[in-house]
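Have a look at the structure below before the remarks.
Residue numbers (the working numbering), protein chains in the order written: chain A, 10 to 306; chain B, 15 to 285.
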């Protein structure tokens with residue numbers, strides 16, 4: 010990424026045009042793979058959402074998204090994604106700050122980063138099982154707490170609800186946050202804090218006027234990425250709740266399997282909406298990260 | 015200062031509890047199959063189930079096929095882009111991160127619509143075809159990690175000089191890739207392979223929607239039909255994937271610390 014200067018020094022493609030054309034052949038296998046198994050399937054879905062049965066352009070299917078159960082699934086997905094992104098952001102930031110700037114022993118930092126690298130990847134079915142075994146009706150912690158007189162389920166807690174799902178998602182959202190925000194925290198130079206202090210600033214003032222203005226693009230970018238991460242996840246939620254929580258991807262799963270909406274094109278429209286949401290969130294992340302990078306140089 | 019330190023410790027302890035308790039709970043739950051005492055009964059039941067070994071073996075074989083296909087697609091491409099198409103690199107990089115942007119369920123939806131029995135490429139018409147499609151789907155899912163790992167590996171040595179040296183000694187492209195480039199990016203390839211394994215072994219959505227007997231769907235099926243076995247399966251799955259990811263971290267450490275040494279010995283070893 011950083012070798013633009015190096016590139017310009019290399020005398021490349023100054024050969025005969027025929028040779029250059031042959032060079033392109035080297036990219037054919039990859040491009041063929043990418044087109045067949047990534048770009049074309051995605052494009053097919055997106056186009057399908059706008060193509061009428063007679064081949065013309067239509068917005069009917071996208072308009073069809075405005076039916077009660079799809080709107081419900083969409084808002085539920087939004088809720089889960091916003092909640093887990095917000096909480097993941099706050100808790101992940103607190104954890105990263107504690108470990109990077111809290112004066113803890115140095116080995117904890119590398120242990121946390123290694124753990125985060127693994128845990129952020131590791132969503133899915135086993136994670137759901139681990140939480141059922143821990144906070145389900147007969148789970149380890151549930152039983153333990155009951156023994157000392159705290160009845161979680163009696164108090165209205167249930168793992169198979171929105172709040173339970175949020176708790177499970179935090180298991181991979183917090184580590185993801187730690188991974189992306191740690192470099193940004195490293196970028197906050199200690200001499201800025203010292204300079205602020207010597208000029209008489211309180212800690213709160215330093216945070217408000219120095220640290221946060223530097224960190225905010227990273228924070229906003231992280232929020233977007235965490236949001237997209239939660240929005241596209243399916244397996245964890247399905248293994249945890251069966252299909253009792255109708256999230257957007259779970260609805261799409263049921264649609265692909267059994268055409269529960271009685272309209273193939275409506276499935277395309279849902280998929281298209283999902284791409285739009287995760288696409289915009291990722292775009293925001295990229296733009297904001299480019300802004301954040303100005304400070305780390 | 016000491017208040018800040020206290021707060022840092024409190025946050026850390028809370029985090030350790032949050033991340034450790036589900037793992038402990040899962041393990042404890044998996045030992046509970048026999049009433050009143052801890053036992054390995056749940057694991058014994060799992061092992062007795064022919065479906066367990068069958069689906070695990072299926073997913074393991076599939077992950078090997080996926081790794082091989084991934085290497086065959088990514089190594090030559092990343093090499094070629096670095097050697098001849100540096101200006102084209104952002105495009106290839108953009109394509110390789112797309113699987114992180116497009117939800118996997120949408121990608122597999124596209125597959126099922128495009129490659130069904132009535133299409134020009136009826137991959138889902140036969141089991142072999144479906145297995146191949148599933149594997150190619152997994153190549154897509156692991157592409158962001160595989161490409162980044164291998165591309166970083168290729169950036170760690172002077173690719174142009176080595177290629178020209180091999181060419182002047184009369185090696186063809188295949189020989190250069192296999193005997194010169196591959197040995198130099200072996201650590202990167204390995205780390206890509208581990209993460210691919212971790213992705214494939216527990217994947218659910220692709221396998222379930224393509225109706226293949228993989229480990230992920232088997233876990234979900236067990237989850238809704240058994241009590242303690244799911245926890246045992248989760249322990250197994252955690253062990254396999256975290257083991258693979260641990261090896262990945264190890265490979266990453268090796269590649270940064272032992273780089274200068276291995277690079278020399280590797281280039282010398284290309285006989």
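In this text, a Cβ means the ideal position worked out from N, Cα and C, and glycines have one as well.
Residues sharing a beta bridge with residue i, DSSP
i	result
residue 60 (chain A)	A:66
Short Cβ contact (8 Å threshold) for residue i with residue j
i	j	result
residue 274 (chain A)	residue 58 (chain A)	yes
residue 249 (chain A)	residue 180 (chain A)	no
residue 109 (chain A)	residue 212 (chain A)	no
residue 40 (chain A)	residue 97 (chain A)	no
residue 303 (chain A)	residue 230 (chain A)	no
residue 42 (chain B)	residue 149 (chain A)	yes
residue 260 (chain A)	residue 289 (chain A)	no
residue 167 (chain A)	residue 173 (chain A)	yes
residue 317 (chain A)	residue 240 (chain A)	In this structure chain A extends from 10 to 306, so residue 317 (chain A) is not present and cannot be described.
residue 188 (chain A)	residue 233 (chain A)	no
residue 22 (chain B)	residue 112 (chain A)	yes
residue 78 (chain B)	residue 134 (chain A)	no
residue 40 (chain B)	residue 236 (chain A)	no
residue 258 (chain B)	residue 208 (chain B)	yes
residue 244 (chain A)	residue 254 (chain A)	no
residue 205 (chain A)	residue 227 (chain A)	no
residue 50 (chain A)	residue 117 (chain B)	no
residue 101 (chain A)	residue 183 (chain A)	yes
residue 70 (chain A)	residue 215 (chain A)	no
residue 265 (chain A)	residue 108 (chain B)	no
residue 256 (chain A)	residue 89 (chain A)	yes
Cβ-heavy atom distance, residue i to the ligand SAM, below 7 Å
i	result
residue 66 (chain B)	Because no ligand of any kind appears in the structure shown, any question about the ligand SAM cannot be addressed here.
Opening and closing residue of the alpha helix (DSSP H) in which residue i lies
i	result
residue 30 (chain B)	16-44
residue 97 (chain A)	77-110
residue 216 (chain A)	Per DSSP, residue 216 (chain A) belongs to no alpha helix (DSSP H) and is neither H nor E.
residue 208 (chain B)	200-216
residue 160 (chain A)	From DSSP, residue 160 (chain A) is part of no alpha helix (DSSP H); its letter is neither H nor E.
residue 182 (chain A)	171-196
residue 86 (chain B)	64-98
residue 185 (chain B)	That residue, residue 185 (chain B), is in no alpha helix (DSSP H); it is neither H nor E in DSSP.
residue 192 (chain B)	Run containing residue 192 (chain B): none; DSSP gives neither H nor E here.
residue 104 (chain B)	103-115
residue 166 (chain B)	141-168
residue 127 (chain B)	118-128
residue 121 (chain A)	115-128
residue 247 (chain A)	244-250
residue 223 (chain B)	219-223
residue 167 (chain A)	Unbroken run through residue 167 (chain A): none, as it is neither H nor E.
residue 239 (chain B)	229-239
residue 4 (chain A)	The shown model of chain A, from 10 to 306, leaves out residue 4 (chain A), and the question about it has no answer.
residue 134 (chain A)	134-144
(request) Mind the definition here: the stretch 187-199 of chain A touches the stretch 264-281 of chain A only if three or more C-beta pairs lie below 8 Å; say whether that holds. (result) Because the criterion of three Cβ pairs below 8 Å is not met, the stretch 187-199 of chain A and the stretch 264-281 of chain A do not touch.
(request) Select from the stretch 110-137 of chain A all residues with a C-beta closer than 9 Å to any C-beta belonging to chain B, and list them in chain order. (result) Answer in chain order: 110, 111, 112, 113, 117, 121, 123, 124, 126, 127, 128, 130, 131, 133, 134, 135, 136 and 137.
(message) I'd like to know if the stretch 143-152 of chain B and the stretch 224-235 of chain B are in contact, where contact means that at least 3 CB-CB pairs between them fall below 8 Å.
(response) Contact between the stretch 143-152 of chain B and the stretch 224-235 of chain B is present, because at least three Cβ pairs lie under 8 Å.
(request) Below 9 Å between beta carbons is the criterion; list the residues of the stretch 28-46 of chain B that meet it against any residue of chain A, in chain order. (result) Of all residues in the stretch 28-46 of chain B, 28, 29, 32, 33, 35, 36, 37, 38, 39, 40, 41, 42, 43, 44 and 46 have a Cβ within less than 9 Å of some Cβ in chain A.
(request) Check each residue of the stretch 245-275 of chain A: if its Cβ is closer than 8 Å to any Cβ of chain B, include it; give the result in chain order. (result) Listed by position, the residues of the stretch 245-275 of chain A near chain B (Cβ gap below 8 Å) are 247, 248, 251, 258, 261, 262, 265 and 266.
(request) Check each residue of the stretch 213-244 of chain B: if its Cβ is closer than 7 Å to any Cβ of chain A, include it; give the result in chain order. (result) The stretch 213-244 of chain B vs chain A, Cβ under 7 Å: 216, 218, 219, 223, 230, 233, 234, 237, 238 and 244.
(message) Pairs of beta-carbons, one from the stretch 158-178 of chain B and one from the stretch 92-108 of chain B, closer than 8 Å: are there three or more?
(response) Yes, the stretch 158-178 of chain B is in contact with the stretch 92-108 of chain B.
(request) Give, in chain order, every residue of the stretch 288-299 of chain A whose Cβ lies closer than 8 Å to some Cβ of chain B. (result) Cβ contacts with chain B: 288 and 291.
(message) Check whether the stretch 49-66 of chain A and the stretch 114-128 of chain B touch, using three or more Cβ-Cβ pairs below 8 Å as the test.
(response) The stretch 49-66 of chain A is in contact with the stretch 114-128 of chain B.
(message) If contact is defined by three or more beta carbon pairs under 8 Å, each pair taking one atom from either stretch, is the stretch 213-221 of chain B in contact with the stretch 64-80 of chain B?
(response) The stretch 64-80 of chain B is in contact with the stretch 213-221 of chain B.
(message) Using a Cβ distance threshold of 8 Å, determine whether the stretch 243-254 of chain B contacts the stretch 44-60 of chain B, with at least three qualifying pairs required.
(response) In short, these stretches touch, since the Cβ pair count reaches three.
(request) Below 9 Å between beta carbons is the criterion; list the residues of the stretch 109-128 of chain B that meet it against any residue of chain A, in chain order. (result) Interface annotation for the stretch 109-128 of chain B against chain A: 109, 110, 111, 112, 113, 114, 115, 116, 117, 118, 119, 120, 121, 122, 123, 124, 125, 126, 127 and 128, criterion Cβ-Cβ distance under 9 Å.
(request) Please list the residues of the stretch 23-52 of chain A that have a C-beta atom closer than 9 Å to any C-beta atom in chain B, keeping them in chain order. (result) From the stretch 23-52 of chain A, only 29, 32, 33, 35, 36, 38, 39, 40, 42, 43, 45, 46, 47, 48, 49, 50, 51 and 52 have a Cβ closer than 9 Å to chain B.
(message) Give me the subset of the stretch 147-171 of chain A whose CB atoms are less than 7 Å from a CB atom of chain B, sorted by chain position.
(response) Here the close residues are 148, 149 and 150.
(request) Below 8 Å between beta carbons is the criterion; list the residues of the stretch 67-93 of chain A that meet it against any residue of chain B, in chain order. (result) Taking 8 Å as the Cβ-Cβ cut-off, the stretch 67-93 of chain A has no residue approaching chain B.
(request) Anything in the stretch 251-269 of chain B with a Cβ closer than 7 Å to a Cβ of chain A? List those residues in chain order, please. (result) If the cut-off is 7 Å between Cβ atoms, the stretch 251-269 of chain B has 251, 252, 255, 256, 259 and 263 near chain A.
(request) Could you name the residues of the stretch 232-245 of chain A whose beta carbon sits closer than 8 Å to any beta carbon of chain B, in the order they occur along the chain? (result) Taking 8 Å as the cut-off between beta carbons, the residues of the stretch 232-245 of chain A near chain B are 237, 240, 241, 243 and 244, in sequence order.
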